[in-house]
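Trainee: Input: one structure, supplied below.
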Amino acid sequence: MEGIRSLKAIHQKLIKERCGTVSFKRGEAYYRSNKVTLDKYSSHYCRGTVMGEEEFHVTIKEDSKGEIEASCSCPKLASFDKDCQHIAAVLLKMENEERKMKRNEEGVTEEFFTLFQEESFRSPAKLRHFENRQIVPCEFLIHPTSTRDGGDLLGIECIIEGYKLKPIRSFLEYINEGKPFHVSDSFIFNPEFHCFETDTAAVIQYLVNVSKDSGNKNDDGCLLIPPSLWDSLIPLLKLAKDVKWQHNERTHEGFRQGELPLPIQFHFKQAEAGGYRLYISGLYDMTILEEYQTVIHDGVFTQLDSMDGRRITELKRLLGHSGSRFIPISPDQIGFFLEKVAGGLKKLGEVQISDDIAERLETAPLVAKLYLDRVKNRLLAGLEFHYDQIVIHPLENRQAPSGSLLIRNVEKENTILEWMDEFAFGKTEGGYYLHNEDLEYEFLTYGVTKLQKDVQIYATTAVRNRISRGNHHPKIRIKVKKERMNWLEFTFEMDGIPDRQIMEILGALEEKRKYYRMRNGSLLSLESKEFQDIQRFMHTSQAEKNDLVKGLGLPLHQSLHLLDTVDGGHSFTFEHSFQEFYGQLMNPDSREISVPSLLDERLRNYQKTGFRWMKTLSDYGLGGILADDMGLGKTVQSITFIVSVLEEIRAKKLPALIVCPSSLTYNWKSECGKFAPEVNVLIMDGNQAVRKKKQKSMRDADVIITSYPLLRSDSKWYERQKFHTVFFDEAQAFKNPLTQTARSVKKIEANNRFALSGTPVENSLEELWSIFHVVFPGLFKGLKDYSRLTRKDIAKRIKPFVLRRMKEDVLSELPGKEEITHYSELLPQQKELYAAYLAKLRHDTMKHLDKNTLRKNKIKILAGLTRLRQICCHPGLFVDGYHGSSAKFLELMELLEESRISGRRVLVFSQFTKMLEMIGRELTLKGQSYFYLNGTTPSEDRVKMCSRFNEGERNLFLISLKAGGTGLNLTSADTVILYDTWWNPAVEEQAADRAHRMGQENTVKVLKLIAKGTIEEKMNELQDKKRNLIRDIIDPDEKMVQTFTEEELKEILSIDP
């Protein structure tokens, strides 16, 4: 772009030179009208949209030479030498964004430098918000303003330091664009240095929008508020501190809102010369703004409805034209006045009636009566208004009998008459009628209930029988099919109704009709909860009415989600066969299932229950998640299931498949050899050629073991195979449904599917859906439908298909676990580095929060958090030339020395392998031997190292948290040290449970090292919130599921929300 060498160098003069005066002005109009949005914006590229009569798309970018290129989708661009108004509009928007960004960055830099000054820091609030602007008070003055056409509008003025801001539109425009505004010779309001209180700023922002939308540009220091925008401004003015009303040359403090009745007196007297007079006082002191439906009096404003607003406006006009303070009423008019007018006046003000008139008044309450009958297929209704002995027929004569002075309850009468009109009654002089079946149903079902609050209703037998109230209760009977125990059957029934008529009723439900006319002419409501439950069931199941009458059969894995639609409904009946089936799912031990003889004595009782649970699910063709706590033997329970179906595996030549992390493949083989040596195990590993050779002999194996990475590599081969049963160990490996791993495991074909995971939910409920989508696809529909379910709904549905036991519940003999947190104060040099990196990360985070771009920059923010955590561990992890030490490192060495002297056997976990290497080098210098395991350690070596350690060789084991946090059995250790903190507590608990598990004979001490006053301390608090996430779903209570959110990020970085 000519004249502009960089997107950061944009300013208005260059834009005008490039686009020309005409296009610049038109573009400026677009920009000031807020019709420009920047869809994508960076230092070298911008894409924007301009809203005119249609959308125009603009692209602006820097080429390799630094020149700026611009293009627009409008047809005019090709016919001009200069750029169009749409490009000008986007450039102006970019220029404003750059100005705001620069102002923000300068303020942040100033705050950043203060962190390293010797004197004490500023207040925490200002440090968090990077806010050091001066708060300027602003007063709002509201008053009625006469217009040229003789009406009144409400105007508002803004006053700063005693000076009225004018022109007020310029002030609002400058505020919106962040420009300084000249208030007086002694004060300039500059948004860079000044700001308003929050509530004041809210009013000003609203006035900015009013100024843009309002067509009247000639209001100078007073902004006129259109009546259509007044109601939305009221709540903002109520909260603002300094609001004043100016009315009748008096100024009133505060924004006060009144209610009816108004301070008006209506005094009704008998005139001396005959007739009557209505004297009115208080009305002349009021300003009536009819368009606003508002009355102002003594600094109080009161809102009216449209009818009352019109009445009081006309009343004041009538009195003004007549020049009198009363309204004459003749004796002939007294009846109408008392019946119709007096009641309406009572709503507006105080009505006083002189004693000589009051003595003659009838003051009985209104009793409304409605008489209903059915004649010749028409519903007839007779309405009467009773005032003691006086009866008024509203459709014949609304006047009271002559000679009586009756004050009628006109408001209540009108309400009842409006209700009759609402239900579309026809009218004759004799009464009301309905000659439409749909309208009759609506009235008898809903209208009668509504009227009964204020009307006494009398109905003949014909009317009472019109709505069917028989014992025809609809229900769907649910049972397990005898011939196919893994199928459910749903059958619709209604007592006393033949199948043919049932078909018609279901047809009416399909058509979403509100009622069905029975053979006897009565109307059967289809809007009851029972029928609505059945209608929802029909919609969800896509069942045809013929199927429901004869019996709809569906496989269990496709039909269980339908039970949600029947939950709590009285229209569903569960037969004994279904109750027995559900009872077996909930209590597997109720079935007589024998444990394989060679394993019977080796399994604990809870493990036998787990085996029977698996067998029960497999018998019904269902899948599930074995979610036992770490160390309770999920592996041995799975092996027991394999042994129980071994004959079937061999007879059908369908091996079982075990998919697990690469580090656990040989651990599975070892466990199979230990508990079931008769099982022929084949590990699918090696290079591609080796694996292809093994694939040819798969039918000779009883069990095939592979890893998730190799499953992905060989996914096409696995898709063509069929397995008897598949076990997914550490199933959280496919917790993200969008990964290739999740797609690969979904395609495996097997008769039975089980997931094994001590942590099926780590961060969000979507992870649970992803696992069930693989092991039991029919349990939930798509992710969109799943996300609409409540936590309680999810917990109820998964309950039979998730088996979870905790160590404290089933292993009372297991030694205790002592958890201790050690806090270390950062060393001075370490603390200086930490403060600098923290300030930079706070700055970046605040910038992205302000621009709502945090999600796009999440990787960058997480990288910054990792740097802070590394500094807590040891700055030498990434800071070149760092020659100091680390508080936690020194603490660890002391703990390891104490453990050596006392003969304890220690596991040290860290997520940073470089940290483990630093620890290892220091131990080598001290002459201490140790085992070391990380993500590159081959599976076979892992198993060998664990065996050697458990046999007593060496007393130290350094382990990478992610590589060794699962699948290891290190029960000879009695101390676990967690060197650094992980986001999810489940990962740390898995690491600790490498030692605290079945087979442990000593109390396990778990030491957690935390750098005090740092991100690690905040992370520890965050862990407490996440700790019960699994329990929330699998053992539901009232706590809410927590995930890593923007709010938690603010908390970690000590940023105020």
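One rule links them: number in the working numbering = place in the sequence shown (from 1) + 100. Cβ coordinates follow ideal geometry from the N, Cα and C atoms, glycine included. Every value quoted in this text rests on a predicted model; they were computed, and no experiment measured them.
1) If we count the other Cβ atoms within 10 Å of its Cβ and call it buried at 16 or more, is E611 buried or exposed?
2) The alpha helix (DSSP H) with H421 in it runs from where to where?
3) Grouping DSSP H, G and I as helix and E and B as strand, with all else coil, what is M594?
4) Kindly indicate which three-state DSSP category D299 falls into: helix, strand or coil?
5) Pop quiz: H282 and I288 are said to be a contact at Cβ under 8 Å. What is the actual Cβ separation, rounded to whole angstroms?
6) Just grab the DSSP bridge partners of M151 for me.
7) Going along the chain, which residues of its own chain have a beta-carbon closer than 8 Å to the beta-carbon of G443, five neighbours each way excluded?
8) What did DSSP end up calling P755 once you bin it into helix, strand or coil?
9) Can you find at least 3 beta carbon pairs, one from the segment 388 to 403 and one from the segment 366 to 378, that sit closer than 8 Å?
10) In its own chain, which residues sit with a C-beta less than 6 Å from the C-beta of G251, not counting the 5 before and 5 after it?
11) Which residue or residues does DSSP assign as beta-bridge partners of Q601?
12) Residue range of the beta strand (DSSP E) that A850 falls in?
13) Between which residues of its own chain and S381 is the CB-CB distance below 8 Å, once the five residues before and five after are set aside?
14) Assign K822 to buried or exposed, taking buried as 16 or more other Cβ atoms, counted over all protein chains shown, within 10 Å of its Cβ.
15) Measuring straight from C-alpha to C-alpha, what distance separates E849 and L1107?
16) Nearest to F1031 by alpha carbon, out of I1001, G1064, S1002, G1003?
17) By the three-class DSSP mapping on this structure, what secondary structure does K344 have?
18) Under the DSSP definition of a beta bridge, which residues are partnered with P877?
19) Report the start-end ranges of each alpha helix (DSSP H) in the segment 607 to 695 that is 4 residues or longer and not cut off at the edges.
20) For R411, is the beta carbon positioned less than 6 Å from some heavy atom of the ligand FMN?
21) Please name the residue in K1062, V1104, A1073, N1102 whose C-alpha comes closest to that of I1086.
22) Count the other C-beta atoms from every protein chain shown that fall within 10 angstroms of the C-beta of Y384, then say buried if there are 16 or more, exposed otherwise.
23) Determine whether the beta carbon atoms of L323 and I268 lie at a separation below 7 Å.
24) Between E1017, Y720, L732, which lies nearest to N705 when the distance is taken from Cα to Cα?
25) Roughly how many angstroms lie between the CA atoms of P224 and K338, to the nearest whole one?
26) Can you tell me whether DSSP reads T214 as helix, strand or coil?
27) Identify every residue that forms a DSSP beta bridge with P327.
28) Nearest CA to the CA of L265: which residue from S246, C238, L606, G449?
29) What do you get for S620, buried or exposed, if any count of 16 or more other CB atoms within 10 angstroms of its CB means buried?
30) Please classify T67: is it buried, with 16 or more other beta-carbons within 10 angstroms of its beta-carbon, or exposed?
31) Using 8 Å as the cut-off, can you tell me whether the segment 645 to 657 makes contact with the segment 689 to 696, which would need three or more C-beta pairs spanning the two stretches below that distance?
32) Measuring straight from C-alpha to C-alpha, what distance separates P900 and Y937?
33) Since L483 sits in a beta bridge, which residues does DSSP pair it with?
34) Am I right that S924 and A1111 are in contact with their C-beta atoms under 8 Å? What's the rounded C-beta distance?
35) Under 8 Å: do the segment 1038 to 1047 and the segment 1012 to 1026 share three or more Cβ pairs, one atom per stretch?
36) Can you have a look at A963 and say buried or exposed, based on whether 16 or more other CB atoms are within 10 angstroms of its CB?
Mentor: With the structure as the only source:
1) As a first step, residue 611 is located in the sequence shown; it is residue number 511 there, counting from the start. Exposed, because fewer than 16 other Cβ atoms sit within 10 Å of the Cβ of E611.
2) As a first step, residue 421 must be located in the sequence shown, where it is residue number 321. Segment 406 to 422, the alpha helix (DSSP H) holding H421.
3) Locating residue 594 in the sequence shown gives position 494, counting from the first residue. Correct three-state label for M594: strand.
4) Counting from 1 along the sequence shown, the entry for residue 299 is found at position 199. Of the three classes helix, strand and coil, the one that applies to D299 here is helix, per DSSP.
5) For the purposes of this step, residue 282 is taken as residue 182 along the sequence shown, with counting starting at 1. For the purposes of this step, residue 288 is taken as residue 188 along the sequence shown, with counting starting at 1. Right, the Cβ-Cβ distance comes to about 5 Å (below 8 Å), so this counts as a contact.
6) Walking along the sequence shown from the start, residue 151 turns up at place 51. Partner(s): E155.
7) As a first step, residue 443 is located in the sequence shown; it is residue number 343 there, counting from the start. Around G443: I507, R508, N509, V510, E511.
8) Locating residue 755 in the sequence shown gives position 655, counting from the first residue. Coil at P755, not helix or strand.
9) no
10) Residue mapping note: residue 251 aligns to position 151 of the sequence shown, counting from 1. Closer than 6 Å at Cβ, skipping near neighbours: no residue.
11) Within the sequence shown, residue 601 is the residue found at index 501, counting from 1. According to DSSP, which records beta bridges pairwise, Q601 is partnered with nothing at all.
12) Start at 1 with the first residue of the sequence shown, and residue 850 comes out as number 750. Note, A850: beta strand (DSSP E), 849 to 856.
13) The residue you call residue 381 lines up with position 281 of the sequence shown. Closer than 8 Å at Cβ, skipping near neighbours: I364, Q365, H367, R425.
14) Position 722 of the sequence shown, counting from 1, holds the residue named residue 822. Answer is exposed; the Cβ neighbour count stays below 16.
15) On the sequence shown, position 749 is the one that residue 849 refers to. On the sequence shown, position 1007 is the one that residue 1107 refers to. When rounded, the distance between both Cα atoms is 44 Å.
16) Stepping through the sequence shown from its first residue, residue 1031 is reached at position 931. That would be G1064, whose Cα lies nearest to the Cα of F1031.
17) As a working mapping, residue 344 is identified with position 244 in the sequence shown. Strand.
18) One-based indexing of the sequence shown puts residue 877 at position 777. Partner(s): none; P877 has no beta bridge.
19) 629 to 641, 645 to 650, 656 to 659, 663 to 666, 676 to 686
20) Ligands are entirely absent from the displayed structure, and the ligand FMN is therefore not among its contents.
21) As a working note, residue 1086 is residue 986 in the sequence shown. Reading the sequence as shown, one finds Ala at residue 1086 and not Ile. The residue with the shortest Cα to Cα distance from A1086 is K1062.
22) As a position in the sequence shown, residue 384 is number 284, starting the count at 1. That one is exposed.
23) Residue numbering aside, residue 323 sits at position 223 when the sequence shown is read from its first letter. Residue numbering aside, residue 268 sits at position 168 when the sequence shown is read from its first letter. It is a contact, given that the beta carbons lie within the stated cut-off.
24) Within the sequence shown, numbered from 1, the residue matching residue 705 stands at position 605. For N705, the nearest C-alpha among the options comes from L732.
25) In the sequence shown, residue 224 corresponds to position 124, counting from 1. In the sequence shown, residue 338 corresponds to position 238, counting from 1. Here P224 scores only 37 on pLDDT, less than 50, and its place in the model should not be relied on; the value that follows carries that caveat. If you take the alpha carbons of P224 and K338, they lie about 30 Å apart.
26) In the sequence shown, residue 214 corresponds to position 114, counting from 1. No answer about T214 holds up, because its pLDDT of 46 lies below 50 and its placement is not dependable.
27) Position 227 of the sequence shown holds residue 327. DSSP lists no partner for P327.
28) Here residue 265 is taken as the residue at index 165 of the sequence shown, counted from 1. Among S246, C238, L606, G449, the Cα nearest to that of L265 belongs to C238.
29) Residue 620 sits at position 520 when you count from the first residue of the sequence shown. It should be noted that the sequence gives Asn, not Ser, for residue 620. Label assigned to N620: exposed.
30) The structure shown does not extend to residue 67, since the chain spans only 101 to 1157, so no value can be given for it.
31) no
32) The residue given as residue 900 occupies position 800 in the sequence shown. The residue given as residue 937 occupies position 837 in the sequence shown. Answer to the nearest angstrom: the Cα atoms are 49 Å apart.
33) Sequence index remark: in the sequence shown, residue 483 carries index 383 (1-based). Answer by DSSP bridge pairing, in chain order: L470.
34) What you label residue 924 is simply residue 824 of the sequence shown in a count that begins at 1. What you label residue 1111 is simply residue 1011 of the sequence shown in a count that begins at 1. About 6 Å separates the two Cβ atoms, so the contact holds.
35) no
36) Here the question's residue 963 lines up with position 863 in the sequence shown. A963 is exposed by the Cβ-count criterion.
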